[in-house]
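In this note's numbering, the protein residues as written are 1243 to 1330.
Each residue gets a CB set at the ideal place from its N, CA and C atoms; glycine is no exception.
Since this is a predicted model, take the numbers as computed values, not measurements.
This report refers to the structure that appears directly beneath it.
Structure representation (structure tokens):
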């Protein structure tokens, strides 16, 4: 069974460390539930995936940052799969 405690701690810690409107980028394997963790802490996020890994770009809304991350969570939508190697 997978343990996502480290990712949970990273997301929770980012709420306290980011300025209002601050951004957090995370790259994780596709099976790691980063989107749910981000939404649970009030982040708004977008994701790109190559099928194996997902790049999560998250922003903590100004209101959520002021409230310690307890703003209205928004379920992230997954963007279409892109070939990240070709975009370099």
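Where residue i and residue j are concerned, what is the direct C-alpha to C-alpha distance, given to the nearest angstrom?
i: residue 1248; j: residue 1262; result: 23 Å
i: residue 1259; j: residue 1253; result: 10 Å
i: residue 1291; j: residue 1303; result: 24 Å
i: residue 1274; j: residue 1284; result: 18 Å
i: residue 1294; j: residue 1282; result: 23 Å
Under 8 Å between the Cβ atoms of residue i and residue j?
i: residue 1278; j: residue 1296; result: no
So, for residue i: in the same chain, excluding its five sequence neighbours on each side, which residues have a beta-carbon less than 7 Å away from its beta-carbon?
i: residue 1256; result: 1266
i: residue 1316; result: Residue placement at residue 1316 cannot be trusted, given a pLDDT of 43 that sits under 50; what the coordinates show is reported in the next sentence. Once the five neighbours on either side are set aside, the close Cβ partners of residue 1316 are 1281 and 1286.
Beta-carbon within less than 6 Å of residue i's beta-carbon, same chain only, minus the 5 sequence neighbours each way: which residues are those?
i: residue 1301; result: 1265 and 1286
i: residue 1243; result: none
i: residue 1268; result: 1276 and 1298
Can you find a C-beta in chain B that's less than 8 Å from the C-beta of residue i?
i: residue 1284; result: No chain B is part of this structure, which consists of one protein chain only.
Going along the chain, which residues of its own chain have a beta-carbon closer than 8 Å to the beta-carbon of residue i, five neighbours each way excluded?
i: residue 1251; result: none
i: residue 1246; result: 1274, 1275 and 1279
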